[in-house]
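Here is the structure we will look at.
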Amino acid sequence: MQALAERGYVPDVIAGASVGALVGAAAAAGRLDALEKWVCALTQRDVWRLVDTTFRGGGVMTGNRLMDAIAECIGDAPIESLPIAYGAVATDLYTAKRSGCATART
């Protein structure tokens with residue numbers, strides 16, 4: 000995203016899945032620099048503190064601590080309010096099928 004911006008490219012739409020959805024959301028919100036700064040400052044201890052394990056439901060992480068920390072870093076704005084149109088796709092780990100697709104201003 001930064002390389003594109005350095006070359007003068009500004010996307011009309013940003014979309015992603017998994018970590019790409021997180022990076023895309025930060026970019027669409029204009030908070031990519033804040034996310035990068037936060038991630039680069041994390042220590043190994045910080046990462047372990049963000050891991051919240053569970054043995055329910057098919058996964059081993061709930062992700063609540065991580066998502067709370069990310070929201071604190073880049074905000075938690077509705078995708079409809081982002082300055083760049085944004086989309087994300089999620090997959091149901093049980094069925095391996097798309098379980099959700101969120102887009103704004105399509």
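Residue 101 in numbering that gives the first Met the number 0 sits at position 102 of the sequence shown, with consecutive numbering throughout.
Virtual Cβ for every residue (Gly too), placed ideally from N, Cα, C.
Nothing here was measured: the structure is a model prediction, and the numbers come from that model.
Close-in-space but distant-in-sequence residues of the same chain around residue i (CB under 8 Å, 5 per side omitted)
i, result
"residue 33", "25, 72 and 73"
Buried or exposed (CB count within 10 angstroms, at least 16 for buried), residue i
i, result
"residue 27", "buried"
"residue 41", "exposed"
"residue 23", "buried"
"residue 3", "exposed"
"residue 105", "Bear in mind that a pLDDT of 47 at residue 105, under 50, signals an unreliable position, so the number given afterwards is only what the model happens to contain. Exposed: under 16 other Cβ atoms inside 10 Å."
Three-state secondary structure (DSSP) of residue i
i, result
"residue 86", "strand"
"residue 50", "coil"
"residue 23", "helix"
"residue 9", "coil"
"residue 14", "strand"
"residue 45", "helix"
"residue 36", "helix"
"residue 66", "helix"
"residue 76", "coil"
"residue 81", "coil"
"residue 28", "coil"
"residue 4", "helix"
"residue 105", "Only weak support exists for where residue 105 lies, its pLDDT of 47 falling under 50; the value from the coordinates is given anyway. Looking at residue 105 - three-state DSSP - the assignment turns out to be coil, as it is neither helix nor strand."
Bounding residues of the alpha helix (DSSP H) (the contiguous stretch that carries residue i)
i, result
"residue 91", "Residue 91 -> no alpha helix (DSSP H), and no H or E assigned at all."
Sequence-distant residues of the same chain with beta carbon closer than 7 Å to residue i, five excluded per side
i, result
"residue 68", "49"
"residue 70", "none"
Residue i and residue j closer than 8 Å at C-beta
i, j, result
"residue 29", "residue 82", "yes"
"residue 0", "residue 21", "no"
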